[in-house]
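Accompanying notes for the structure given below.
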Amino acid sequence: GDSVTQTEGPVTLSEGTSLTVNCSYETKQYPTLFWYVQYPGEGPQLLFKVPKANEKGSSRGFEATYNKEATSFHLQKASVQESDSAVYYCALTGWPNYNVLYFGSGTKLTVEP
Amino acid sequence: DAGVTQTPRHEVAEKGQTIILKCEPVSGHNDLFWYRQTKIQGLELLSYFRSKSLMEDGGAFKDRFKAEMLNSSFSTLKIQPTEPKDSAVYLCASSLERGLAEQFFGPGTRLTVL
Numbered sequence: 028g029d030s031v032t033q034t035e036g037p038v039t040l041s042e043g044t045s046l047t048v049n050c051s052y053e054t055k056q057y058p059t060l061f062w063y064v065q066y067p068g069e070g071p072q073l074l075f076k077v078p079k080a081n082e083k084g085s086s087r088g089f090e091a092t093y094n095k096e097a098t099s100f101h102l103q104k105a106s107v108q109e110s111d112s113a114v115y116y117c118a119l120t121g122w123p124n125y126n127v128l129y130f131g132s133g134t135k136l137t138v139e140p
Numbered sequence: 008d009a010g011v012t013q014t015p016r017h018e019v020a021e022k023g024q025t026i027i028l029k030c031e032p033v034s035g036h037n038d039l040f041w042y043r044q045t046k047i048q049g050l051e052l053l054s055y056f057r058s059k060s061l062m063e064d065g066g067a068f069k070d071r072f073k074a075e076m077l078n079s080s081f082s083t084l085k086i087q088p089t090e091p092k093d094s095a096v097y098l099c100a101s102s103l104e105r106g107l108a109e110q111f112f113g114p115g116t117r118l119t120v121l
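In order, the protein sequence lines correspond to chains A and B. Here our numbering is used: the first residue of the first sequence is 28, the next is one more, and so on. Here our numbering is used: the first residue of the second sequence is 8, the next is one more, and so on.
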């Protein structure tokens, strides 16, 4: 079945350092890939999505490239800020219900000043 | 526009009780999802409705969990009877019916079963 595996957390970084959260996926279809972010006390919210292989998505300084050959979708940011502290989820669409999302286990990021 | 509304925000139940969680989706959204969120299992899909029709029902949750869409703007999740292992955050999300539409999540209901 469809599945997503991402970096085990928690991850703690200092402000100004770079971030990489690894995400790998398994599916027999051609999925759309997503990154969601969840702040404390809130539900997840979409960071960005990429529907096509070899394309890049980005938002708020975060970016990820849909790598079909490597079945990966790693999240990166060059310089994190304290306000980036949150839980990050990688997800893909399911089949046959293309509106159903399958989420990874989440990676909790804490950025220290 | 109002986002997804969930009530209550917190619920404490005794083992064996029946609890009902409520969700109001974003106005105009036809797809509605219920998820369970725990630290160990992460986000798990419980139910998925399209225009009030049940499209997907999480197999592992069928026996004590029942989600319903009473109308296009209101859904409930009933857990009967509750067990301590049901302690989790229950999230409701909605989206437009078109493919690959963004899901908008509510703030969740934190359930504690004693």
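For every residue, glycine included, the Cβ atom is placed at its ideal position computed from N, Cα and C.
Residue range of the unbroken beta strand (DSSP E) whose run includes residue 82 of chain B: Here residue 82 of chain B corresponds to residue number 75 of the second sequence, with the count starting at 1. Start and end: 81-86.
Would you mind working out which of A:82, A:59 and A:40 sits nearest residue 30 of chain A, comparing C-alpha positions? The residue labelled residue 30 of chain A in the question sits at position 3 within the first sequence. Cα-wise, what sits closest to residue 30 of chain A is A:59.
Answer yes or no: the CB of residue 85 of chain B versus the heavy atoms of the ligand NAP, is any distance below 7 Å? By its list of ligands, the structure shown contains no ligand whatsoever, and the ligand NAP lies outside what it can speak to.
Rounded C-alpha distance that separates residue 104 of chain B from residue 37 of chain B: As a position in the second sequence, residue 104 of chain B is number 97, starting the count at 1. As a position in the second sequence, residue 37 of chain B is number 30, starting the count at 1. C-alpha separation (whole angstroms): 5 Å.
What residues in the region 62-95 of chain B have a beta carbon less than 9 Å from any beta carbon of chain A? 62 and 63
Residue 7 of chain B bridges to which residues according to DSSP? Outside the displayed range of chain B (8 to 121) lies residue 7 of chain B, so it cannot be described from this structure.
What are the partner residues of residue 112 of chain A, as DSSP defines its beta bridges? The residue labelled residue 112 of chain A in the question sits at position 85 within the first sequence. Answer is none; residue 112 of chain A lacks a bridge partner.
For residue 71 of chain B and residue 54 of chain B, I'd like the C-alpha separation in whole angstroms. As a first step, residue 71 of chain B is located in the second sequence; it is residue number 64 there, counting from the start. As a first step, residue 54 of chain B is located in the second sequence; it is residue number 47 there, counting from the start. Whole-angstrom Cα-Cα distance: 13 Å.
Let me check understanding here. Comparing Cα to Cα, which of A:129, A:94, A:57 and A:114 lies closest to residue 37 of chain A? Here the question's residue 37 of chain A lines up with position 10 in the first sequence. Out of A:129, A:94, A:57 and A:114, A:114 has the C-alpha closest to the C-alpha of residue 37 of chain A.
So the candidates are B:47, B:91 and B:69; which of them puts its Cα closest to the Cα of residue 84 of chain B? Mapped onto the second sequence, residue 84 of chain B falls at position 77. Comparing Cα-Cα distances from residue 84 of chain B to each of B:47, B:91 and B:69, the minimum goes to B:69.
For residue 76 of chain A, which three-state DSSP category applies? Against the first sequence, residue 76 of chain A aligns to sequence position 49. Of the three classes helix, strand and coil, the one that applies to residue 76 of chain A here is strand, per DSSP.
Below 8 Å, how does it come out for the region 46-55 of chain A and the region 66-83 of chain A: are there three or more Cβ pairs, yes or no? no
When you compare the CB of residue 146 of chain B with every CB in chain A, is at least one pair closer than 8 Å? Outside the shown range of chain B, which is 8 to 121, sits residue 146 of chain B, and nothing can be said about it.
By the three-class DSSP mapping on this structure, what secondary structure does residue 55 of chain A have? By 1-based counting over the first sequence, the position of residue 55 of chain A is 28. Three-state DSSP puts residue 55 of chain A in coil, outside helix and strand.
Does residue 102 of chain B have its Cβ less than 8 Å from a Cβ in chain A? Along the second sequence, read from residue 1 onward, the residue named residue 102 of chain B stands at position 95. Yes, because at least one Cβ of chain A sits closer than 8 Å to the Cβ of residue 102 of chain B.
Answer yes or no: do residue 89 of chain A and residue 79 of chain A have a C-beta to C-beta separation smaller than 8 Å? Taking the first sequence and counting its residues from 1, the one referred to as residue 89 of chain A is at position 62. Taking the first sequence and counting its residues from 1, the one referred to as residue 79 of chain A is at position 52. Going by C-beta atoms, residue 89 of chain A is not nearer than 8 Å to residue 79 of chain A.
Note down, in chain order, all residues in the region 112-132 of chain A with a beta-carbon under 9 Å from any beta-carbon belonging to chain B. 116, 118, 120, 121, 124, 125, 126, 127, 128, 129, 130, 131 and 132
Measuring alpha carbon to alpha carbon, tell me which of A:133, A:81 and A:134 ends up nearest residue 97 of chain A. Working through the first sequence from its first residue, we reach residue 97 of chain A at position 70. Cα-wise, what sits closest to residue 97 of chain A is A:81.
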